[in-house]
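Protein sequence lines, in the order shown, are assigned to chains A and B.
Going by the working numbering, the residue at position 216 of the first sequence is 213; the numbering climbs one at a time, nothing skipped.
Going by the working numbering, the residue at position 38 of the second sequence is 35; the numbering climbs one at a time, nothing skipped.
Every residue, glycine too, gets a C-beta built ideally from N, C-alpha and C.
There are 2 protein chains.
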Amino acid sequence: MRTELVTTIAQMREWIAAVRQGGRSVACVPTMGALHAGHGALIERARAAADVVVVTIFVNPIQFDRKDDYERYARHLAADREFCDARNVDAIFAPSAEEMYPEPIATFVDVPDLATHLCGAFRPGHFRGVATVVAKLFNIIQPDTACFGEKDAQQLAIIRQMVRDLNFAVDIVPAPIVREPDGLALSSRNQRLAPEQRRMAPVLLKALTEGQRSIAGGERQAAKAIAAVLRVLEGEPDIRVEYVEIVDPRMQPVDSISGDVRLVAAVWLGSTRLIDNLLCRIAGSEPNATYFGA
Amino acid sequence: MRTELVTTIAQMREWIAAVRQGGRSVACVPTMGALHAGHGALIERARAAADVVVVTIFVNPIQFDRKDDYERYARHLAADREFCDARNVDAIFAPSAEEMYPEPIATFVDVPDLATHLCGAFRPGHFRGVATVVAKLFNIIQPDTACFGEKDAQQLAIIRQMVRDLNFAVDIVPAPIVREPDGLALSSRNQRLAPEQRRMAPVLLKALTEGQRSIAGGERQAAKAIAAVLRVLEGEPDIRVEYVEIVDPRMQPVDSISGDVRLVAAVWLGSTRLIDNLLCRIAGSEPNATYFGA
């Protein structure tokens, strides 16, 4: 059966009500479209978690701090629909900006403690926009499960915090980062890279791996592990580093490493911003499934 | 059948799931307890709107700007339960503060444009706390309908804005202010008034009525209608005025009156704060049902 394309909130609610009537469970995969294998992994997780899978495709204006980034963001609904068809997605919810924001929005969901540093420091209002639109999508679709990628680790931590704090009846399921053969994390933004930038981009994972190795080798000072990452990145003069940090499960930067941490980084290649991260497990530390996934 | 008393979120979700299984609709009446006839009117509205009525009783710490006010707030669960029993309320949801906030909350729902003036200017963070706890209650109970009193006009406007902006599938139903025979709006805080303060308190409605009369008589300058209110209040030297304003449906103060407006006021009698408001209809103006109720 072809993936149903739903573009209005009223239609989406009706469609979901019919699914619920039949006693079926719903998993949703919130995306901004331009779907790639990373989204494919999320769809697989969603499929395993529920009877019915809804992919939302919405380039959310209120999470963009720069208008040009919003306008340049890749939009390929026809290709996205084929992508979903091929993966037996039951419905795509692809509302217009006017449908989601018929008037300027006055209500915001914010997780300030988790949202004002790392990516949040460089993209003011970004995570407030993300949390707000995810709350809207959860209220429209009322899914049992929602799947988010670990590439956007700060976003994942914020959504989990929001779900816990506001008692959304939604199970948040993460999916690991999907990478190109050369290690570059999949992202809709990768298609903006010029060929020589694309050749350079895998240095980000290489650098993070160096930091991970130093921690695995016993390094417990965050600054030293970060320095190991930076040394690799500095070898590539066209890379501009936005941040490299080591954070705890609540995405707070740590000075000394005593439990599982995540090495997170954002860099620029020309006008394209890339993010990536690696989980660094400390032998003997409690796995923190609540935040970091299995 | 006796009103069911539910104190945990998990039990509440189970109870609601059973109701839903039976195909019954749910109306909820969020309160902080110390129930009075004003709440009784809300319960009646709820009963008319849905098959099952849930009254929530929760003195929400994050909406109090002053710790002493939180601690002094009246708590009478046994009496509240009898009140609900007598009105055939199906369930009371009365969680502890620890149940609602097992860890310090990090996520907030805010409607800054509607929340930073009037009561919000004098009670910083108050409406953020209200919107956040109402979002939590909506997510726990998932009601079809929720009833709020018009006495808290700013709160009602904020909840409506939040529901619209975040797409909560909840119909917000207002109920008019219920008054004592002498005109004092019912409030759980009235019981704190000393006898001589209680005798003085009806001057608030008397003053607002004077403003309403001046508008009905053709006054279109907000400042002059407000002055009419203040003249009456100034006749009572023990009353301290916090604010008197004339606001539009979005609770924004207006200078000149061209459509339906609300006269809103907050005053202090000793250490007790009283609020009240009156709708002022302008003949020929469109009734604004979305904000102001029928």
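Can you tell me which of the three DSSP states residue i falls into?
i	result
Asp48 (chain A)	coil
Leu111 (chain B)	helix
Asn136 (chain A)	helix
Ile59 (chain B)	helix
Ser31 (chain A)	The sequence shown places Ala at residue 31 (chain A), not Ser. Residue state, collapsed to three classes: coil.
Glu216 (chain B)	coil
Val229 (chain A)	helix
Tyr70 (chain A)	coil
Val251 (chain A)	coil
Thr5 (chain A)	coil
Arg157 (chain B)	helix
Leu275 (chain B)	strand
Ile54 (chain A)	strand
Glu193 (chain B)	helix
Asn163 (chain B)	Sequence check: residue 163 (chain B) is Leu here, not Asn. Looking at Leu163 (chain B) - three-state DSSP - the assignment turns out to be helix.
Asp82 (chain A)	helix
Arg210 (chain B)	helix
Glu177 (chain A)	coil
Ala198 (chain A)	coil
Leu39 (chain A)	helix
Given a cut-off of 9 Å, decide if residue j and residue i are closer than it, judged by their beta-carbon atoms.
i	j	result
Ile272 (chain B)	Val258 (chain B)	no
Leu202 (chain A)	Leu275 (chain A)	yes
Ala166 (chain A)	Gln139 (chain B)	yes
Leu230 (chain B)	Val261 (chain B)	no
Pro234 (chain B)	Val130 (chain B)	no
Arg125 (chain B)	Phe145 (chain B)	no
Met9 (chain B)	Ala88 (chain B)	yes
Ala46 (chain A)	Arg21 (chain A)	no
Ser185 (chain A)	Ala31 (chain A)	yes
Leu302 (chain A)	Ala15 (chain B)	Within the shown structure, residues of chain A are numbered from -2 to 291, placing residue 302 (chain A) beyond reach of any answer.
Val175 (chain A)	Ala34 (chain A)	yes
Ile6 (chain A)	Ile212 (chain A)	no
Gly294 (chain B)	Ala150 (chain B)	Residue 294 (chain B) cannot be examined here, being either before or after the span of chain B that is shown, -2 to 291.
Asp65 (chain B)	His123 (chain B)	no
Glu331 (chain B)	Ala182 (chain B)	Because chain B is modelled from -2 through 291, residue 331 (chain B) falls outside the range shown and cannot be assessed.
Under 7 Å Cβ-Cβ, which residues of chain A neighbour residue i?
i	result
Leu115 (chain B)	Going along chain A, no residue has its Cβ under 7 Å from Leu115 (chain B), so there is no contact; the nearest lies around 15 Å.
Asn136 (chain B)	Leu163, Asn164, Phe165 and Ala166
Using CA coordinates, which residue listed in the options is at the minimum distance from residue i?
i	options	result
Ala154 (chain B)	B:Asp179, B:Asp141, B:Ala128 and B:Val175	B:Ala128
Cys25 (chain A)	A:Arg(-1), A:Met(-2), A:Phe55 and A:Ala7	A:Phe55
His114 (chain B)	B:Tyr98, B:Ala263, B:Ser22 and B:Glu95	B:Ala263
Ile254 (chain A)	A:Glu242, A:Gln218, A:Leu227 and A:Glu100	A:Gln218
Arg44 (chain B)	B:Asp245, B:Asn164, B:Thr142 and B:Ile223	B:Thr142
Val170 (chain A)	A:Thr269, A:Pro178, A:Val160 and A:Asp179	A:Val160
Pro101 (chain B)	A:Glu11, A:Gln158, A:Glu68 and A:Val51	A:Gln158
Ala270 (chain B)	B:Leu205, B:Glu193 and B:Arg189	A small fix is needed here, since residue 270 (chain B) is Arg in this sequence, not Ala. Nearest C-alpha to Arg270 (chain B): B:Arg189.
Met(-2) (chain A)	A:Arg63, A:Thr5 and A:Val86	A:Val86
At a CB-CB cut-off below 8 Å, which residues of chain B make contact with residue i?
i	result
Leu111 (chain A)	Ala103
Arg10 (chain A)	Ala166
Ala45 (chain A)	Correct list: empty, because the minimum Cβ distance to chain B is about 23 Å.
Report the neighbours of residue i on chain A: residues whose CB is nearer than 9 Å to its CB, in chain order.
i	result
Val108 (chain B)	Ala103, Thr104 and Phe105
Ala24 (chain B)	Correct list: empty, because the minimum Cβ distance to chain A is about 18 Å.
Would you check whether the ligand NAP has a heavy atom nearer than 8 Å to the C-beta of residue i?
i	result
Gln151 (chain A)	This structure lacks the ligand NAP, and indeed carries no ligand of any kind.
Starting from the beta carbon of residue i, find every residue of chain B whose beta carbon is closer than 9 Å, and list them in chain order.
i	result
Ile6 (chain A)	Asn164
Would you say residue i reaches chain D, if we count a Cβ-Cβ gap shorter than 9 Å as a contact?
i	result
Gln249 (chain B)	As a matter of chain content, chain D is missing from the structure shown, whose protein chains are A and B.
Legend entry - Under 8 Å (Cβ pairs) to chain A, residues found in the region 49 to 60 of chain B: none
Inset, instruction - Give the residues from the region 147 to 170 of chain A that approach chain B closer than 7 Å (Cβ to any Cβ), ordered along the chain. - result: Gln158, Met159, Asp162, Leu163, Asn164, Phe165 and Ala166
Legend entry - Against chain A: residues of the region 118 to 135 of chain B by CB proximity under 9 Å: Ala128, Thr129, Ala132, Lys133, Leu134 and Phe135
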